[in-house]
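Participant:
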Amino acid sequence: MKTIPILPDVTLRELRADDTAEIFAAIDNERAYLGRWLPFVQFTRSEEDTQRFVRSVLDAPYREAVFTIRDGGRFIGLIGFKSTDPLARTTEIGYWLREAWQGRGIVTTAVAALCRMAREELAMRTVTIKCATGNGPSNRIPQRLGFTPARIEPRAELLENGRYTDANVYLLDLAEHTAPADGAGGGIRKSVL
Numbered sequence: 006m007k008t009i010p011i012l013p014d015v016t017l018r019e020l021r022a023d024d025t026a027e028i029f030a031a032i033d034n035e036r037a038y039l040g041r042w043l044p045f046v047q048f049t050r051s052e053e054d055t056q057r058f059v060r061s062v063l064d065a066p067y068r069e070a071v072f073t074i075r076d077g078g079r080f081i082g083l084i085g086f087k088s089t090d091p092l093a094r095t096t097e098i099g100y101w102l103r104e105a106w107q108g109r110g111i112v113t114t115a116v117a118a119l120c121r122m123a124r125e126e127l128a129m130r131t132v133t134i135k136c137a138t139g140n141g142p143s144n145r146i147p148q149r150l151g152f153t154p155a156r157i158e159p160r161a162e163l164l165e166n167g168r169y170t171d172a173n174v175y176l177l178d179l180a181e182h183t184a185p186a187d188g189a190g191g192g193i194r195k196s197v198l
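Going by my numbering, the first residue of the sequence shown is number 6, and it counts up by one from there.
#1: Note down, in chain order, each residue of its chain lying with its Cβ closer than 7 angstroms to the Cβ of F152, except the 5 sequence neighbours on either side.
#2: Helix, strand or coil: which one does DSSP assign to A123?
#3: Does the distance from the CB of L179 to the CB of R124 come in under 8 angstroms?
#4: So, at 6 angstroms on beta carbons, what are the nonlocal neighbours of S143 in its own chain, with the 5 sequence-adjacent residues on each side left out?
#5: Among A172, N173 and V132, which one has its Cα closest to the Cα of E181?
#6: Taking T8 as the reference, give the member of A65, E19 and D14 with the closest Cα.
#7: So, are the CB atoms of L83 and T95 less than 8 angstroms apart?
#8: If I follow the unbroken alpha helix (DSSP H) through N173, where does it start and stop?
#9: Which residues does DSSP pair with R18 in a beta bridge?
#10: To which residues does DSSP link G82 through a beta bridge?
#11: Distance check for I32 and T138, CA to CA, integer angstroms please.
#12: Do Q56 and T25 have their CB atoms nearer than 8 angstroms?
#13: DSSP state of R36, grouped into three classes?
#14: Ends of the alpha helix (DSSP H) at P147?
#15: Using the Cβ count rule (16 or more neighbours within 10 Å means buried), how would you classify R103?
#16: Compare the C-alpha of G78 against each of D54, R121, P13 and P44 and name the closest.
Written out as structure tokens, the structure reads:
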């Protein structure tokens, strides 16, 4: 089971089947906050729904790395790769974090760690991040890390309130960039590897 320390007391731990209850409790307790920007919240009505998601990740033929974000062992969010194309060597990173842990650089540091993993362990060429256009905090993460705005995807996601939101699509060319060791300091820099 892979664990990646990213900040003092904060780690990324590979998703496990026994994470289901904690993930569902976080979604259920923060339904209004998370549902504002995350389409899956409206479809996550029971622990069984979360269990189906976890099983789909763990049982996938091409298993993409998905991690729980933990503060001192406590579950505070998820981050992982999705829509990975091993032949084209492209992947997308998705993430969410509980409200009380926002604004501490946790997700920025976690994304930097996954960018390093994408380049060094998975041999990916590019990483994409999609954020709802109105979700400022989420958009600031790829912006801080040196991702390039690639396009706006119209009506990209159906949100809980029945409205569609456009998504900003950000791209990082890993052949030209690499993440700093701590994910801080102004973002991803030209590679010196």
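Every residue, glycine too, gets a C-beta built ideally from N, C-alpha and C.
Facilitator: Per the coordinate set shown:
#1: I134, Y175, L176 and L177
#2: helix
#3: yes
#4: C136
#5: V132
#6: E19
#7: no
#8: Taken as a continuous stretch (DSSP letters only), N173 belongs to no alpha helix (DSSP H), being part of the beta strand (DSSP E) at Y169 to D178.
#9: T8 and T73
#10: I74 and L102
#11: 22 angstroms
#12: yes
#13: helix
#14: G141 to R149
#15: buried
#16: P13
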